[in-house]
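Asker: Pasting a structure here, questions to come.
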Amino acid sequence: MKENSIDFILLTATILLVGIGMVMIYSSSSVLSEVKHQDSSFFLKKHLMVLVLGTAVMVLAALTDYSKLSGKVAQLLLVTGFILLVVVLKPKFTGQPQMVCRWIPIWKFNFQPSEFMKLALIVYMADSLTRRQDQIENFVWGFLPHLLILLMVAGLIIVEPALGTTVAIMIIITAMFFLAGVRLSHLGGLALAALPIIYFSISHVSYRLARVKAFLRPEENLQGINYQTYQSLLALGSGGLRGVGLGHSRQKFLFLPAPHTDFIYSIIGEEGGFIGAVVVLCLFLIFIWRGLRIAHRAPDLHGFLLASGLTIMIATYTAVNIGVAMGVCPTTGLPLPFISYGGSSLVLSLASTGILLSISREEGQVWRG
Amino acid sequence: MLQERDVKRRYLLGIAVFLFGILGVRLFQLQIIRGAHYFDLSEKNRIRVVSVPAPRGLIYDRNGLIFVDNRPSYTIAIIPFQLRNLGKTAEDISLALDLDKQNVRRRLETYKRRPYEKIRLKRDAGVKAVAIVEENRYELPGVICQVEPRRNYPQGNLAGHILGYVGELSDKEFARLRAKGYLPAETLGKAGIERQYEEFLRGRNGVKYLEVDAFGREIKELFRRGLREPKVGHSLYLTIDSQLQGVATEAFGEHQGALVAIDPRTGEILTMVSKPDYDPSLFSGVLDPAVWDSLNTDLRHPLFNRSIQSGYPPASTAKMVAAIAGLELELVDPKTHFAPCTGAFKFGIRYYGCWKEEGHGCLGLIQAIAQSCDVYFYQLGLKVGLEKWSRYARVLGLGKKTGIDLPGEAGGLIPSAEYYDREYGKVKWTKGLLLNLAIGQGEILVTPLQMACYIGAIATGKLARPYLLKKVVTAKGDVVLSPQPVVKDVKAISASTLSLIRQALLEAVEGKKGTGYLARARSFHVGGKTGTAQNPHGEDHAWFVAYAPFEEPSIAVAAVVEAGGHGATAAAPIVRKVLATYLSNSNALATKTLRHQD
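Protein sequence lines, in the order shown, are assigned to chains A and B. Mapped onto my numbering, the consecutive letters of the first sequence carry residue numbers 1 to 369. Mapped onto my numbering, the consecutive letters of the second sequence carry residue numbers 1 to 598.
The structure is reproduced here in structure tokens:
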């Protein structure tokens, strides 16, 4: 394998996105911070601390040979992910089945096992799908083991409850299956099997049903279930072409809930206008373009699957988060990669960039399977 | 293989570009096409129209002395929208401010439907309460302190029944009045003048535009939208003379009862006392239910304005009705003598007693009034008959509302044949009832206000409609309204009849044997009449009605002292004080009245 330089365009896009994130977290959360914590930079400070960690992880991953993310290491990551998912669900087994269990508090932060698992699963699948490449078209030996692992992960995350994350993971892994060469008929079967599960997990959980119904009737109940989306549209819409100016958002004055996490894109659109919003959209597109390019140029199938999976992950999260902010997706709590406040998401997104950069170092090599 | 991967990569990139393209299009639609629309909506989002309550107008007495004004006070209120935990905050705040927890909870729950409107928990909160709330801002989310004007009564209880009181708009009243621009829980006149002239006193609430956060908390005031200053309500000048009101109230001491003094020439009410009274400032906030209960269940009914709401039998003060009827119908003249008074009068199988057990002997009309001989009036009443008697009572303003500008006036009762037919059944009642009516006992009921107008009508020959509002002025002092007196000649009664009756009333006060001698004054002449009404519940009610100066009356007074005993001893001295005070202050006390000095 030949050593190349890393993909600077991807790195630049990442740095710009993280930078925009920092500025927008401060701008969007200052009011909320002041109200909740009497310190307008409360969230920014925590974000910066996480950013240091995330950068370290990214650099480490970039410097590490990605091919080490295979075999025992990949399995260890997957097992750790499972353990964390079970640990986070502990209250469910000890008599509080209604409790929402998505976070494990670590020091001042809340760690999100599902975010970790998302990455671990991609790493594992990339490795495992490569190893079983010769049997990939065989349903029992090639497809089924991977499917079972995916369903176990999905099952654990869906009871947290976190349907949005579950669906996102299903999409990412299914795409990886497709790229690995799983038969389309098997994938079609998976999709058909998933439909009733998703249907029931929506129709039997009242708040999800309400959210989906609200999504279908966006002009109703603006002070109730559609409040967030409505306020988000007000934020985006009132930005106009040039925006109201950095720091001048009005919607962040507690009108828009979670302005620094789930709805940070709305504040970007409000303060930066159409121009700002499109710039962010383009940065993500550049990231995806470079990510897929890295995948294409990866020296082996493992690198290809790993890079594709990570890129698809960033793309999926981005599209869903922005879609929610624009009212074209039902409300879910997916963060906007690199930008949203939220430690786990930032660290793992940066880790993904690191891995992508590591793969990009090996690019140029013509791999023939 | 490589080719396949390339195809798949392009495929994925295509999907990504397509999806992001949709997002881009949506972005364009939201921000460029509908941007203005959303901008407008977000403007509305953050701008809250806040009403600034207008201070109510002031109330003065006839000489410009203040009865009611406003002073700033702290109100502790809750904005329900900001409550995080209703139960907990209700508990905390009631503990901190020493309020009834259940009561607070109930208030908070009833107002849930209007989450942006503040609910006042404690008006006129002390410095300590304000300090507690300010120190615990974060433990008490949604609790605010603000300065509001509050009704203030520099003269204490004085004239409380006339002034009435203000209170918070109830839900029912709000439903009725919201069209007039009232806000929920706004202050509203609930009784007396405050209620009667709400329209003038209220003023107009101002409006200011505030930039607020999603919890309705003020960020800053926006001036560019323009604001409407609150307009202070108009001030009222009453016809009441507060000094006279004070003298009359004091003269009552601990007695219960009522006194009304009017200027009989115009109907202006100079004084209107009702005892016991109450402190109107108790009502100017959120009324403590315990205070309300104690006022409401007090057997002495302090909230009742006896001057206009209580009906009493007028007793002998009503004797002029029968006398006037007799003279007008030419059934008697001053020289007519009936069977002599021996202390009782036999009618049918019953004896009707005179108050003077040893009897008055044979009296003419003048002395019969002056000495208040019941036996004379039994006989006169029988001659006049029920129908004529009640007609003249009505001519003199009894048995119907006077039309005073206060809410809740009672009309009293002047029984007629129809009334008795209804009450007892046709032909089931006897003329014996008429004997009682002639001396002002039995079913007849009058209010002290009616009696003041009645004696005023006898004094002047004109029946005036009593009123309290002298003028309405704006805050700048421009007169908006000054009601004209409504005075009607009593055409049914001739001047000669009235002059005879007045002579009798003078005799009653100043004659040797007059019953009203305690009302005599040194510097002017008084015409008056005592009355002692039987009270089934205890001591007799004492009445006195009078006017002065005799020659050119400028004041007419009626007073009733509940369970006061004899009218001459209990009520006459009070009336004398009122007359003396008024006339010694009044310019009307001209030299000509002094000429009549003994």
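For every residue, glycine included, the Cβ atom is placed at its ideal position computed from N, Cα and C.
For glycine 531(B), tell me which candidate among Pro313(B), Ser242(B), Glu423(B) and Arg350(B) has the shortest Cα-Cα distance.
Answerer: Considering only Pro313(B), Ser242(B), Glu423(B) and Arg350(B), the residue with the shortest C-alpha distance to glycine 531(B) is Pro313(B).
Asker: Reducing DSSP to helix, strand and coil, say where cysteine 145(B) ends up.
Answerer: Strand at cysteine 145(B).
Asker: Which bits of chain A does histidine 37(B) rub up against, with CB to CB less than 7 Å?
Answerer: Gly237
Asker: Tell me the DSSP bridge mates of aspartate 489(B)?
Answerer: Paired residues: Lys462(B).
Asker: Residues of chain A with a CB under 8 Å from the CB of phenylalanine 28(B): which are they?
Answerer: Phe274
Asker: Taking only three categories from DSSP, how would you classify phenylalanine 200(B)?
Answerer: helix
Asker: Whole angstroms is fine: what's the gap from leucine 282(B)'s alpha carbon to glycine 160(B)'s?
Answerer: It is roughly 11 Å from the alpha-carbon of leucine 282(B) to the alpha-carbon of glycine 160(B).
Asker: Within its chain, find whatever has a CB closer than 8 Å to the CB of threonine 371(A); leave out the 5 residues flanking it on each side and keep chain order.
Answerer: The requested residue 371(A) does not occur in the structure, where chain A is confined to residues 1 to 369.
Asker: Short of 7 Å in beta carbon distance, which residues of its chain neighbour arginine 385(A), apart from the five on each side in sequence? Order them along the chain.
Answerer: Summary: the structure shown does not reach residue 385(A), with chain A confined to residues 1 through 369, and so no result is reported for it.
Asker: Go ahead and pull the three-state DSSP assignment for glutamate 650(B).
Answerer: Any property of residue 650(B) remains undetermined from this structure, which presents chain B solely from 1 to 598.
Asker: Applying the 10 Å Cβ sphere with the 16-neighbour rule, what's the burial state of aspartate 65(A)?
Answerer: exposed
Asker: What's the gap between the Cα of leucine 348(A) and the Cα of leucine 119(A)?
Answerer: 7 Å
Asker: Quick check on asparagine 136(B) - is its C-beta less than 8 Å from some C-beta in chain A?
Answerer: It does not; no Cβ of chain A falls within 8 Å.
Asker: Can you tell me the Cα-Cα spacing of arginine 576(B) and leucine 518(B), whole angstroms?
Answerer: A straight-line Cα-Cα distance of about 8 Å links arginine 576(B) and leucine 518(B).
Asker: Hey, would you say leucine 192(A) sits closer than 8 Å to valine 153(A), going by beta carbons?
Answerer: It is not a contact, given that the beta carbons lie outside the stated cut-off.
Asker: Within 8 Å, do at least three Cβ pairs link the stretch 492 to 508 of chain B to the stretch 459 to 473 of chain B?
Answerer: yes
Asker: Whole angstroms are fine: how far does the CA of valine 526(B) sit from the CA of alanine 580(B)?
Answerer: 10 Å
Asker: Whose Cβ in chain B lies nearer than 8 Å to the Cβ of arginine 217(A)?
Answerer: Result: empty, since nearest Cβ-Cβ is about 18 Å, beyond 8 Å.
Asker: Can you pull out the residues from the stretch 12 to 24 of chain B whose beta carbon lies closer than 9 Å to at least one beta carbon of chain A?
Answerer: For the stretch 12 to 24 of chain B, which is checked against every Cβ of chain A, the residues closer than 9 Å are Leu12, Leu13, Ile15, Ala16, Val17, Leu19, Phe20, Ile22, Leu23 and Gly24.
Asker: If we ignore side chains and look at the alpha-carbon of each, how far apart do glutamate 328(B) and proline 53(B) end up?
Answerer: Glutamate 328(B) and proline 53(B) have their alpha carbons spaced roughly 59 Å apart.
Asker: Give me, in chain order, the residues of the same chain whose beta-carbon lies closer than 6 Å to that of glutamine 146(B); leave out the 5 immediate sequence neighbours on both sides.
Answerer: Thr75
Asker: Does any residue of chain B bring its CB to less than 8 Å from the CB of glutamine 183(A)?
Answerer: As written in the sequence, residue 183(A) is arginine, which differs from the glutamine given in the question. By this cut-off, arginine 183(A) is not an interface position.
Asker: Using 8 Å as the limit for Cβ to Cβ distance, is leucine 234(A) near chain B?
Answerer: yes
Asker: Going by C-alpha distance, which of Pro335(A), Leu85(A) and Gly142(A) is nearest isoleucine 158(A)?
Answerer: Leu85(A)
Asker: Report the rounded CA-to-CA distance for cysteine 354(B) versus alanine 542(B), giving the unit in angstroms.
Answerer: Using only the alpha carbons, I get a separation of about 17 Å.
Asker: Looking at glycine 237(A): is its Cβ nearer than 8 Å to the Cβ of glycine 35(B)?
Answerer: yes
Asker: Just tell me which of Val57(A), His146(A) and Gly240(A) has its CA closest to the CA of leucine 41(B).
Answerer: With distances taken between Cα atoms, leucine 41(B) lies closest to Gly240(A).
Asker: Can you tell me the Cα-Cα spacing of valine 31(A) and glutamate 409(B), whole angstroms?
Answerer: 59 Å
Asker: Looking at valine 273(B): is its Cβ nearer than 8 Å to the Cβ of glutamine 243(B)?
Answerer: no
Asker: Give the interface partners of alanine 295(A) over in chain B, defined as CB-CB distance under 9 Å, in chain order.
Answerer: Arg5, Arg9 and Leu12
Asker: Cβ of isoleucine 79(B) less than 8 Å from any chain A Cβ?
Answerer: no
Asker: Which residue wins for smallest C-alpha separation from glycine 343(B), given the options Met320(B), Ile369(B), Ile366(B) and Asp374(B)?
Answerer: Of all alpha-carbon atoms in Met320(B), Ile369(B), Ile366(B) and Asp374(B), the one lying nearest the alpha-carbon of glycine 343(B) is that of Asp374(B).
Asker: Contact between the stretch 136 to 147 of chain A and the stretch 168 to 187 of chain A is defined here as three or more beta-carbon pairs at a separation below 8 Å; is this criterion met?
Answerer: Taking 8 Å as the limit for Cβ pairs, the verdict is that the stretch 168 to 187 of chain A does touch the stretch 136 to 147 of chain A.
Asker: Taking buried to mean at least 16 other C-beta atoms within 10 Å of its own C-beta, is leucine 357(A) buried or exposed?
Answerer: buried
Asker: So with CB distances below 8 Å, who are the chain A contacts of arginine 34(B)?
Answerer: Gly237
Asker: Check distances from the C-beta atoms of the stretch 325 to 340 of chain A to those of chain B and list, in chain order, the residues that come in under 9 Å.
Answerer: Listed by position along the chain: Met326, Gly327 and Val328.
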